[in-house]
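See structure below.
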Amino acid sequence: MDIQVGDILKMKKQHPCGSSRWEVLRIGADFRLKCVGCGHQIMIARPKAEKNIRGIERPGADG
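Quick note, the sequence shown lines up with residues 10 to 72 if you use this note's numbering.
Laid out in structure tokens, this is it:
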């Protein structure tokens with residue numbers, strides 16, 4: 010899966026704040042994600058994150 014820093018990931022489950030969109034801050038064996046709704050940051054294992062992704066939004070991409 011081609012995920013880059015700065016991408017917005019739409020996840021299957023919502024964060025308790027109500028947002029299901031997360032910004033990618035760091036990539037490696039784990040992802041550091043920031044909730045777009047409230048700014049809460051989490052570290053999540055790459056396989057678990059990739060399994061729960063519904064869509065990827067690229068900033069600056071047309072369409």
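For every residue, glycine included, the Cβ atom is placed at its ideal position computed from N, Cα and C.
Give the secondary structure of residue i by DSSP, where H, G and I count as helix, E and B as strand, and everything else as coil.
| i | result |
| --- | --- |
| Lys-22 | coil |
| Met-52 | strand |
| Asp-39 | strand |
| Cys-47 | coil |
| Ile-17 | strand |
| Ile-65 | strand |
Measure the CB-CB distance between residue i and residue j and report whether it falls below 8 Å.
| i | j | result |
| --- | --- | --- |
| Met-52 | Asp-39 | yes |
| Ile-62 | Leu-34 | no |
Distance check for residue j and residue i, CA to CA, integer angstroms please.
| i | j | result |
| --- | --- | --- |
| Glu-59 | Gly-69 | 22 Å |
| Cys-26 | Gln-50 | 13 Å |
State the start and end residues of the unbroken beta strand (DSSP E) segment that holds residue i.
| i | result |
| --- | --- |
| Ala-58 | Unbroken run through Ala-58 is the alpha helix (DSSP H), 55 to 60; no beta strand (DSSP E). |
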